[in-house]
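Per the working numbering, the sequence shown starts with residue 322, numbered consecutively. C-beta: ideal position from N, C-alpha, C; glycine also. These figures come from a predicted structure and were not determined experimentally. For reference, the structure is listed below as structure tokens.
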Amino acid sequence: EARTEARTEARTEARTEARTGADRKPIHLAAHFPGVNNTTVWADPRSGSQIDFSSFEKLARTAERGKFDFFFLAEGLRLREHNGLIHDLDVVGRPESLTVLSALAAVTERLGLAATVNATFNEPYELARRLATLDHLSAGRAAWNVVTSSDTFTGENFRRGGYLDRADRYTRAAEFVATARELWDSWTPAGPGSPYGTPRPFAHSGPQFEIEGEFTVPRPPQGHPVVIQAGDSDEGREFAASAADVIFSRHGTPEEGRAFYTDTKARLAKYGRQSADLKIMPGVTFVLGDSDAEAQERAVEIRRQQISPQNAMLALEQVWGRDLSAYDPDGPLPGIDPDPDSALVQGRVRVADPLAVAARWRALSEAKGLSIRQTVIETTARQSFIGTPETVAGALDTFVQTDAADGFILVPHLTPGGLDDFVELVVPLLQERGAFRTEYEGETLRSHLGLPDPLRRLKRYDDGHRYGDSYGRGRGRGRGR
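See the structure below:
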């Protein structure tokens with residue numbers, strides 16, 4: 322086992338060293354605004370508001386100072402419930418993301434602006450219009466993180482009610498994205514006397530959408546806003562390979578990252594795409610210290626603050642699907658088995674295999690003598706990168722140079738100042754390595770990410786009202802025209 326680990330380490334170091342100079346992969350960085358779930362440490366005196374504009378502005382300006390690719394906002398369409406009650410440790414009153422990003426467009430110059438918007442509970446024309454507007458207001462910096470929903474709990478907040486079957490979520494999302502791109506392409510190219518082009522009739526007829534009319538916003542500066550997809554499932558990977566520019570993934574080890582990276586990138590060829598056309602950026606957390614030991618101590622304390630006794634019981638009941646309020650969070654795990662069909666917790670991603678998760682937790686608890694709270698801390702709150710700035714910079718660089726990722730979406734544990742130390746201490750080290758930009762080279766988000774220009778799909782009228790459909794790669798990368 323030791324020899325196997327040594328060989329793996331040697332191969333990793335060799336691959337990292339082999340990529341130097343012009344061959345070195347650039348790291349892409351994004352900032353995720355915290356303030357949801359148990360990531361944020363609200364008890365810290367430096368913790369601020371999750372709704373005041375000053376908090377969004379502070380983090381966005383910090384990310385732009387660090388030359389990050391983009392700023393990322395999540396979305397919540399219904400308050401989470403636990404045993405029939407709103408869970409008071411989850412953030413309530415989260416603002417609508419596109420509105421916040423439109424305001425941020427006025428106080429930033431180069432930073433990309435990514436909004437999470439649900440494809441299940443929106444319509445292509447309306448959302449394409451809002452995204453095109455943000456792209457114009459920001460001069461080509463808009464991005465859309467496409468998410469889907471398959472639960473009746475969220476659907477109850479919308480007039481249509483109900484929900485989509487899980488199998489239909491990505492079918493709708495794929496057609497939604499394709500339809501939005503048709504709308505963005507429906508304007509003619511700019512020309513003499515028409516600096517933005519002119520609107521032309523469009524029509525789309527498909528299994529999910531049938532719409533016809535004229536789009537009211539000129540083609541976005543980027544051609545198409547950048548499309549992000551969040552999810553690690555097989556359906557999510559296939560959707561990302563066919564339609565996304567960035568995939569927001571979650572994998573905790575380099576080995577898991579490389580397996581995900583290899584599998585997802587291998588799917589691109591069938592859609593006529595190249596490896597560089599899709600950036601894989603896992604969400605990660607970090608803790609810095611003057612020494613690796615100090616950083617580890619800080620990480621333990623942060624995890625303890627993130628997982629309060631109440632949060633520990635919530636996490637436990639999410640897996641077990643049972644009311645376990647009679648159990649002591651400082652006591653042992655329950656001896657009873659989970660209820661896989663429970664609806665005790667609403668609004669959270671369901672645990673895929675509660676029985677398997679419970680078995681892993683029990684094995685860990687018994688091996689280390691951990692209480693409920695300690696087990697939850699150990700299994701759910703461990704940070705991704707811990708150490709001195711030098712240690713963290715080296716680990717991030719190795720992750721990318723060995724094809725475990727193309728970059729990272731950083732999730733700080735403080736709102737809004739949690740990114741300050743990373744920008745001041747880690748970014749300069751990445752720049753010294755030649756792995757991260759020292760200045761923005763372009764003006765659009767596509768240029769930051771090195772993505773190809775979208776080829777305009779407007780070809781001809783079929784019958785005086787409908788366009789033929791064609792989609793492919795533009796010649797340049799990131800010029801946005």
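* beta strand (DSSP E) segment containing K600, residue limits -> Taking the first residue of the sequence shown as 1, we reach residue 600 at position 279. Segment K600 to V605, the beta strand (DSSP E) holding K600.
* **Residues that DSSP places opposite S370 in a beta bridge** => In the sequence shown, residue 370 corresponds to position 49, counting from 1. Per DSSP, none; premise fails for S370.
* Exposed or buried, Y592, counting other C-beta atoms within 10 Å across all chains shown (16 or more means buried)? -> Walking along the sequence shown from the start, residue 592 turns up at place 271. Per the 10 Å Cβ criterion, exposed.
* Please confirm if the stretch 763 to 774 is in contact with the stretch 537 to 548, defined as three or more CB-CB distances below 8 Å between the two stretches. => yes
* Look at the Cβ atom of F706, then the Cβ atom of V567, and state whether they are nearer than 8 Å. => To locate residue 706, count along the sequence shown from 1; it is residue 385. To locate residue 567, count along the sequence shown from 1; it is residue 246. Contact: no.
* Strand pairing of V438, partner residues [DSSP] -> Stepping through the sequence shown from its first residue, residue 438 is reached at position 117. According to DSSP, V438 bridges with V467.
* Between the stretch 510 to 520 and the stretch 461 to 469, do at least 3 Cβ pairs fall closer than 8 Å? -> no
* Asked: Helix, strand or coil: which one does DSSP assign to L637?
  -> For the purposes of this step, residue 637 is taken as the residue at position 316 of the sequence shown. Correct three-state label for L637: helix.
* **Exposure of K388, with buried meaning 16 or more beta-carbon neighbours within 10 Å** => Looking up residue 388 in the sequence shown gives position 67. Buried is the call here.
* Asked: Which of helix, strand or coil does DSSP assign to R781?
  -> Position 460 of the sequence shown, counting from 1, holds the residue named residue 781. Low local confidence applies: a pLDDT of 39 at R781 is under 50, so the model's placement there is unreliable, and no value is given.
* To do: Could you check which residue in F757, V744, R624 and A501 has the C-alpha nearest to that of R540?
  => By 1-based counting over the sequence shown, the position of residue 540 is 219. Ranking the options by Cα distance to R540, first place goes to A501.
* Asked: If L804 sits next to S423, beta carbons under 8 Å apart, how far is it from one beta carbon to the other, in whole angstroms?
  -> In the structure as shown, the chain starts at 322 and stops at 802, and residue 804 therefore has no counterpart that could be examined.
* To do: Leaving aside the five residues before and after A511 along the sequence, list all residues of the same chain whose C-beta is less than 7 Å from its C-beta, in chain order.
  => Walking along the sequence shown from the start, residue 511 turns up at place 190. Excluding positions up to five away in sequence, the list reads Y517 and G518.
* Excluding sequence positions up to five away, which residues of its chain have a Cβ less than 8 Å from the Cβ of E535? -> Numbered from its first residue, the sequence shown carries residue 535 at position 214. So the qualifying residues of the chain are S507, P520, R521, P522 and F523.
* To do: Report buried or exposed for L380, applying the criterion of at least 16 other Cβ atoms within 10 angstroms of its Cβ.
  => Residue mapping note: residue 380 aligns to position 59 of the sequence shown, counting from 1. By the neighbour-count rule (16 or more Cβ atoms within 10 Å), L380 is buried.
* Would you check if there are 3 or more beta carbon pairs closer than 8 Å linking the stretch 597 to 613 to the stretch 525 to 534? => no
* **Rounded separation between R451 and A499 - CA only** => Translated into positions along the sequence shown, residue 451 becomes position 130. Translated into positions along the sequence shown, residue 499 becomes position 178. Their backbone Cα atoms lie some 16 Å apart in a straight line.
* Span of the alpha helix (DSSP H), counted from its first residue to its last, around F560 -> Indexing the sequence shown from 1 puts residue 560 at position 239. Per DSSP, F560 belongs to the alpha helix (DSSP H) from D555 to A564.
* Asked: Going along the chain, which residues of its own chain have a beta-carbon closer than 8 Å to the beta-carbon of P575, five neighbours each way excluded?
  -> As a first step, residue 575 must be located in the sequence shown, where it is residue number 254. T333, T719, F720, T723 and A725.
* So, are the CB atoms of R470 and L434 less than 8 Å apart? -> Stepping through the sequence shown from its first residue, residue 470 is reached at position 149. Stepping through the sequence shown from its first residue, residue 434 is reached at position 113. The question names Arg, but residue 470 is Ser in the sequence shown. No, the Cβ-Cβ distance between S470 and L434 is not below 8 Å.
* Asked: Which residues mark the beginning and the end of the alpha helix (DSSP H) in which A352 is found?
  -> Residue mapping note: residue 352 aligns to position 31 of the sequence shown, counting from 1. Where A352 is concerned, there is no enclosing alpha helix (DSSP H), although the beta strand (DSSP E) it sits in stretches over H349 to H353.
* Beta carbon of L735 nearer than 8 Å to that of T383 -> Taking the first residue of the sequence shown as position 1, residue 735 is located at position 414. Taking the first residue of the sequence shown as position 1, residue 383 is located at position 62. Not closer than 8 Å, so no.
* Asked: Along the chain, where does the beta strand (DSSP E) that runs through I730 open and close?
  -> The residue labelled residue 730 in the question sits at position 409 within the sequence shown. Where I730 is concerned, the enclosing beta strand (DSSP E) stretches over G728 to L731.
* **Completely contained beta strand (DSSP E) runs for the stretch 607 to 634, where each covers 3 or more residues** => 607 to 609
* To do: Sort out for me which residues DSSP pairs A524 with in a bridge.
  => In the sequence shown, the residue the question calls residue 524 occupies position 203. DSSP, once it has assigned bridges, lists E533 as partnering A524.
* To do: Tell me whether D727 is buried or exposed, calling it buried when 16 or more other Cβ atoms sit within 10 Å of its Cβ.
  => The residue you call residue 727 lines up with position 406 of the sequence shown. With 16 or more other Cβ atoms within 10 Å, it is buried.
* Asked: Quick one, which of Y446, G557 and A580 has its alpha-carbon nearest V538's?
  -> Residue mapping note: residue 538 aligns to position 217 of the sequence shown, counting from 1. The shortest C-alpha separation from V538 is found at Y446.
* Asked: Are three or more beta carbon pairs between the stretch 737 to 748 and the stretch 608 to 615 nearer than 8 Å?
  -> yes
* In angstroms with no decimal places, state the Cα-to-Cα distance between S570 and F729. => Numbered from its first residue, the sequence shown carries residue 570 at position 249. Numbered from its first residue, the sequence shown carries residue 729 at position 408. The straight-line gap from Cα to Cα measures roughly 9 Å.
* Assuming P630 and R694 make a contact with CB atoms under 8 Å, what is their CB distance in whole Å? -> Along the sequence shown, read from residue 1 onward, the residue named residue 630 stands at position 309. Along the sequence shown, read from residue 1 onward, the residue named residue 694 stands at position 373. Yes, they are in contact, since the Cβ atoms of P630 and R694 sit about 6 Å apart, within 8 Å.
* By Cβ distance below 7 Å, which residues in the same chain neighbour R625 in space, the five residues on each side in sequence not counted? -> For the purposes of this step, residue 625 is identified with residue 304 of the sequence shown, where counting begins at 1. Answer for R625: I698, listed in chain order.
* Asked: If you draw a straight line from the alpha carbon of T759 to that of G552, how long is it in whole angstroms?
  -> The count along the sequence shown starts at 1 and reaches residue 759 at position 438. The count along the sequence shown starts at 1 and reaches residue 552 at position 231. The straight-line gap from Cα to Cα measures roughly 31 Å.
* Through-space distance from G755 to R345, alpha-carbon basis -> Within the sequence shown, numbered from 1, the residue matching residue 345 stands at position 24. Within the sequence shown, numbered from 1, the residue matching residue 755 stands at position 434. Distance between the alpha carbons of R345 and G755 is about 8 Å.
* Taking Cβ positions only, does P541 come closer than 8 Å to chain C? -> Among the chains of the structure shown, chain C does not appear; only one protein chain is present.
* From L637, P659 and G642, pick the residue whose C-alpha is nearest to that of D649; which is it? -> Reading the sequence shown from its first residue, position 328 is the one you call residue 649. Minimum Cα distance to D649 is reached at L637.
* Asked: How long is the line joining the alpha carbons of A620 and L645, rounded to whole angstroms?
  -> Against the sequence shown, residue 620 aligns to sequence position 299. Against the sequence shown, residue 645 aligns to sequence position 324. Between A620 and L645, the C-alpha separation is close to 28 Å.
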